[in-house]
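Asks:
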Amino acid sequence: MLRLSEQWNLLDAKRRGAVLTVARALEEAGHRAWLVGGAVRDLLLGQEVGDLDMVSKALPDEVVELFPHSREVGRSFGIVQVEAAGRWIELATFRLERGYSDGRRPDEVQYTESLEKDAGRRDFTCNALYLDPLTMEVRDPKAGVADLEKGQLACVGDAKGRFEEDGLRLLRMARFLARLGLKPAAGLFEAAASSRDSLRGVSGERVLEELKRMAEGPASQVAMGALASSKLLGLAITVGKQEVLSDEPLRLAAWERISVANAAPSGLELALLLSIFLDPAPGQILRESEIRSTAQSAFRLLRASSCLGQQVTDLWHLRSYFANNPKQDSVSIRAFRGPQGPLALELARTWKELQGEQQARVETLLAWFEELPKSRVWPDFLPSGQQLLERGIPAGPRMGELMRAVEDAALMGVVKDQASAVDWVLAQGPLS
Ligand code: ATP
Ligand code: MG
59 MLRLSEQWNL
69 LDAKRRGAVL
79 TVARALEEAG
89 HRAWLVGGAV
99 RDLLLGQEVG
109 DLDMVSKALP
119 DEVVELFPHS
129 REVGRSFGIV
139 QVEAAGRWIE
149 LATFRLERGY
159 SDGRRPDEVQ
169 YTESLEKDAG
179 RRDFTCNALY
189 LDPLTMEVRD
199 PKAGVADLEK
209 GQLACVGDAK
219 GRFEEDGLRL
229 LRMARFLARL
239 GLKPAAGLFE
249 AAASSRDSLR
259 GVSGERVLEE
269 LKRMAEGPAS
279 QVAMGALASS
289 KLLGLAITVG
299 KQEVLSDEPL
309 RLAAWERISV
319 ANAAPSGLEL
329 ALLLSIFLDP
339 APGQILRESE
349 IRSTAQSAFR
359 LLRASSCLGQ
369 QVTDLWHLRS
379 YFANNPKQDS
389 VSIRAFRGPQ
399 GPLALELART
409 WKELQGEQQA
419 RVETLLAWFE
429 ELPKSRVWPD
439 FLPSGQQLLE
449 RGIPAGPRMG
459 ELMRAVEDAA
469 LMGVVKDQAS
479 AVDWVLAQGP
489 LS
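The C-terminal position of the sequence shown is numbered 490 in my numbering, with every residue numbered one higher than the one before it.
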């Protein structure tokens, strides 16, 4: 465990200044302000600090009065965003939460003057740490530091009850295990498994947001493994539709292999995750109708953007194409050079490898792509429409066809420069 004051001094000066400004303003008004939650935890672990959350016993009305630049983000929950030293900080009021009859939002929020009681509503012990930035005093009413020292993630209070109150905590559990490199406390996975129905109360948007953070975070294979070990994977990925995914171990193995190898380009991690865990038939040839119907139902539930949906369906089309006896031709080059091409080929190879199928053809194709000069993959000498017009080819659909055809010829190495490309076009029979 690191020395907190040293870590605090490593935080960038502007953010430190903002926290101190808020703390001093509250101190003058007779309140003690605390940095709380993930920021304190990450400082202790020496990890990069994300958003800054603070808390005190000052009620929202008083906070709004003290800070002229403030936005009420969750008034009913006692949260106000305040601007200090050019930064926005979420400043909450100590509170208790009572009853989660819908498994999503507390039925009632009650303010309290007690830091200890505020700690009781937080999800994990390491998220119930408080730091007074003016004195560097730490309050740790739920023994979160001891859990961090043991390297374990534990719920505040009875795990099953806490997961049943709010299904989002189940997803946060998997994310924190991976991101913080912690082990589950004894009984945590069992409690999570027996509360898995509460995932049905989490909206598709929140599920997708958590999956994105898991996919992009470090040790993303650990996060998905934790979901599987606690029997949450199916319900999470399908937003409550399916308890267990078909071929779950196979999908996990594929995710592990590709994510450990770091094969997903930045920005495609979530698309890769969905493509693996929602694939209608892992490693099999997919029909267009199968892709369409899976995409429609699954992406609607997850509220996936059309861009994300397109990335995933492209991965399915391409991985299926590459697995289905691909040839060393222009169609393959077009498939490979697109943004999802290399990852789709990696997927095709991984599925085959995991299913013990012949992968020689995919390997050969990969070796062929690797050997191809850039000028074959992205020919830069192709004649423009204007140049073809000047050579007497009329504008119209036929010209479009010819331009695509001459690009195919370039991809296949039949034409190698602009002169031969133009000759090739002119030689293509009578023009309609
Ligand atoms: P990160 O910002 O890296 O996701 P964090 O722990 O700061 O981690 P936030 O979502 O910023 O997470 O929440 C701030 C704090 O609020 C948490 O540390 C935790 O104490 C509390 N909290 C957040 N979500 C929940 C929840 N669903 N149930 C109980 N407490 C929660
Ligand atoms: Mg946070």
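All residues carry an ideal CB built from backbone N, CA and C; glycine is no exception. In this text the structure is predicted, and so the values were computed from the model without any measurement.
1. Looking at P340 and I349, is the spacing between their C-beta atoms short of 8 Å?
2. For A294, report the span of its alpha helix (DSSP H) as first-last.
3. Which term fits V98, buried or exposed, when burial requires 16 or more other beta carbons within 10 angstroms of its beta carbon?
4. Tell me the DSSP bridge mates of P242?
5. When the distance is taken between beta carbons, is V113 closer than 8 Å to A87?
6. Which same chain residues end up closer than 6 Å to G178 when comparing Cβ atoms and leaving out the 5 residues on each side of it in sequence?
7. Write down every uninterrupted run of the beta strand (DSSP E) in the segment 396-466 whose length is 3 residues or greater and which is fully enclosed by it, in chain order.
8. How far does the alpha helix (DSSP H) with L269 in it reach, from first residue to last?
9. Could you name the residues of the same chain whose beta carbon sits closer than 6 Å to that of L328, not counting the 5 residues immediately before and after it, in chain order?
10. Using 7 Å as the cut-off, classify the Cβ of G96 as near or not near the heavy atoms of ligand 1, replying yes or no.
11. Under the three-state reduction of DSSP, which class applies to Q300: helix, strand or coil?
12. Can you tell which of L412, K72, R309 and L103 has the C-alpha that lies nearest to the C-alpha of K209?
13. Does the contact criterion of 3 or more C-beta pairs under 8 Å hold for the segment 458-478 versus the segment 432-442?
14. Using three-state DSSP, classify I391 as helix, strand or coil.
15. Return yes when the Cβ of D190 is within less than 8 Å of the Cβ of W66, no when it is not.
16. Report the residue from Y188, R180, G239 and E207 whose alpha carbon sits nearest the alpha carbon of A217.
17. To the nearest angstrom, report how far apart R449 and V389 are at their CA atoms.
18. So what does DSSP say about D475, is it helix, strand or coil?
19. Determine the contact status of L308 and A294, defining contact as a CB-CB distance below 8 Å.
20. Taking C-alpha atoms, which residue in A277, E120 and L332 lies nearest to L405?
21. Keeping to the same chain, check which residues put their C-beta closer than 8 Å to that of L446; ignore five residues upstream and five downstream.
22. Rounded to whole angstroms, what is the Cα-Cα separation between V203 and L211?
23. Does the Cβ-Cβ distance between F234 and L240 come in under 8 Å?
24. Is G136 closer than 8 Å to P118 when the C-beta atoms are compared?
25. Where does Q416 land, buried or exposed, given buried means 16+ other C-beta within 10 angstroms?
26. Can you tell me whether V302 is buried or exposed? The criterion is at least 16 other CB atoms within 10 Å of its CB, across all chains shown.
27. Cα separation between A142 and L68?
Replies: Straight from the coordinates:
1. For I349 and P340, no; Cβs fall outside 8 Å.
2. L291 to I295
3. buried
4. Answer is L211.
5. no
6. none
7. none
8. Taken as a continuous stretch (DSSP letters only), the alpha helix (DSSP H) holding L269 covers G262 to E274.
9. K270 and A273
10. yes
11. Reduced to three states, the DSSP call for Q300 is coil.
12. With the sequence shown as reference, residue 209 is identified as Gly, and Lys is not the correct amino acid for it. Nearest of L412, K72, R309 and L103 to G209, Cα basis: L103.
13. yes
14. helix
15. Cβ atoms of W66 and D190: not closer than 8 Å.
16. R180
17. 28 Å
18. In this structure, DSSP gives D475 a state outside helix and strand, which the three-state scheme calls coil.
19. Going by C-beta atoms, L308 is not nearer than 8 Å to A294.
20. L332
21. The beta carbon of L446 sits closer than 8 Å to those of M457, L460, M461, V480 and V483, all from its chain and outside the five residues before and after it, given in chain order.
22. 11 Å
23. yes
24. yes
25. Around the beta carbon of Q416, fewer than 16 other beta carbons lie within 10 angstroms, which makes this residue exposed.
26. exposed
27. For A142 and L68, the distance between alpha carbons rounds to 19 Å.
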